[in-house]
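In the working numbering, the protein residues as written are 2 to 80.
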């Protein structure tokens, strides 16, 4: 049963590019905002970037779990 679990290392490897993309989007949103209005002008873009990141991370984690479960299923071993 334990072999079917995913590790944080697997997730980190799967989302490496996504982490870089969300960091880039956050930096762009903040840097493109005018002084004195940074929160007002960047908050929604940053929130949206994090929402996309959260969804992609969860999808990738579920895919990893499914892959691990298939790799250790009795039917996969008998093939």
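We put the CB at the ideal spot given by N, CA and C, even for glycine.
Item, Value
"Segment limits, alpha helix (DSSP H) that includes residue 56", "39 to 72"
"Straight-line Cα distance separating residue 62 from residue 2", "With a pLDDT of 46 at residue 2, under the threshold of 50, the modelled position of that residue is not reliable, and no figure is offered here."
"Residue 46 versus residue 56 - alpha carbon distance", "15 Å"
"Close beta carbons around residue 11, own chain, < 7 Å, minus the five adjacent residues each side", "65"
"Rounded straight-line distance, which links the Cα of residue 37 to that of residue 28", "16 Å"
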